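Numbering (UniProt numbering), first residue to last: 1 to 290.
Note that the Cβ used here is the ideal one computed from N, Cα and C, for glycine as well.
These numbers come from a predicted model, not from an experiment.
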């Protein structure tokens with residue numbers, strides 16, 4: 001009886017052990033399959049797009065020298081892109097482009113626009129207006145296209161007949177062209193002279209500039225490339241210029257300056273001699289001989 005029970009219990013334990021071992025073995029096999037390298041997926045499809053081969057400024061005409069092709073994923077192709085360089089031949093850039101930036105339809109002027117005129121370089125709502133210049137006005141040729149200038153006007157003072165008044169009337173104006181040249185000189189030359197200087201202006205600024213050119217004499221003051229500050233001035237007049245660096249008069253109630261020599265009065269009475277500043281209460285008029 002006891003022997004039968006022992007055999008039964010042993011058989012049950014053996015079956016349970018085999019079952020547990022089979023389950024563990026199956027689980028380990030499943031984990032091994034999960035750790036296997038994933039199946040390589042096909043690379044996303046790519047397409048060749050026309051991009052800028054170098055930084056392009058507003059108004060530049062496109063051609064083989066400033067364009068190239070670059071691969072882009074089909075899902076990330078910008079709307080209006082070009083897949084052939086021939087379609088961009090002669091088109092004009094409306095928005096500045098960086099290197100390898102895709103050229104799209106909305107970044108270009110309409111087909112047929114000329115890239116040689118200043119109209120392609122004007123900002124939205126801006127106008128181009130020329131003022132008469134000379135060597136002095138152009139700083140000896142150092143004011144070049146792309147520079148920023150302030151415009152000063154010298155005119156007869158409307159409040160003081162016969163007097164002149166100088167005043168800054170416009171600030172931070174972009175120079176579009178010097179004479180007929182809208183591009184900076186090449187080959188290391190850093191000067192350019194012209195009889196006119198074309199400035200970019202809003203319509204209101206253009207009115208002020210046109211009137212100033214007729215009523216007075218204009219001057220251009222060159223600004224630094226990072227200077228965007230607006231400075232309010234009162235203007236300069238002849239009287240104000242003559243007052244520059246002038247020594248101010250002392251206040252009426254200020255004590256006399258002891259460092260300055262003062263006229264003295266000497267009084268001699270017998271063997272007594274007295275000296276006092278002229279005009280003081282101790283000074284007395286004397287007469288006769290000592």
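Per DSSP, the bridge partner or partners of residue i
i: residue 12; result: Answer by DSSP bridge pairing: none, since residue 12 is not bridged.
i: residue 68; result: 51
i: residue 74; result: Note: residue 74 sits in no beta bridge, so no partner.
i: residue 293; result: No information on residue 293 is available, as it lies outside the stretch 1 to 290 that the chain covers here.
i: residue 46; result: 73
i: residue 269; result: 272
i: residue 61; result: 92
Rounded straight-line distance, which links the Cα of residue j to that of residue i
i: residue 12; j: residue 6; result: 10 Å
i: residue 143; j: residue 81; result: 38 Å
i: residue 233; j: residue 178; result: 28 Å
i: residue 201; j: residue 173; result: 7 Å
i: residue 49; j: residue 124; result: 28 Å
i: residue 164; j: residue 237; result: 6 Å
i: residue 45; j: residue 97; result: 26 Å
i: residue 2; j: residue 29; result: 41 Å
i: residue 277; j: residue 246; result: 29 Å
i: residue 70; j: residue 102; result: 9 Å
i: residue 72; j: residue 111; result: 25 Å
i: residue 159; j: residue 57; result: 47 Å
i: residue 170; j: residue 229; result: 12 Å
i: residue 89; j: residue 135; result: 39 Å
i: residue 74; j: residue 47; result: 6 Å
i: residue 31; j: residue 84; result: 51 Å
i: residue 175; j: residue 61; result: 21 Å
i: residue 186; j: residue 147; result: 16 Å
i: residue 4; j: residue 10; result: 10 Å
i: residue 67; j: residue 196; result: 34 Å
i: residue 157; j: residue 180; result: 34 Å
Where residue i falls, given that 16 or more other Cβ within 10 Å makes a residue buried
i: residue 264; result: exposed
i: residue 52; result: buried
i: residue 198; result: buried
i: residue 275; result: exposed
i: residue 108; result: buried
i: residue 121; result: buried
i: residue 194; result: buried
i: residue 212; result: buried
i: residue 145; result: buried
i: residue 99; result: exposed
i: residue 226; result: exposed
i: residue 151; result: buried
i: residue 92; result: buried
i: residue 205; result: buried
i: residue 8; result: exposed
i: residue 182; result: buried
i: residue 166; result: buried
i: residue 149; result: buried
i: residue 240; result: exposed
8 Å Cβ cutoff, residue i in contact with chain E
i: residue 154; result: Protein chain content of the structure displayed is limited to a single chain, and chain E is not contained in it.
Length at least 3, wholly inside the segment 93-168: the beta strand (DSSP E) runs in chain order: 127-132 and 148-156
contact_flag[the segment 130-140, the segment 208-223] where n(CB pairs < 8 Å) is 3 or more: yes
Runs of beta strand (DSSP E) wholly within the segment 171-234 (minimum 3 residues, chain order): 196-201 and 217-222
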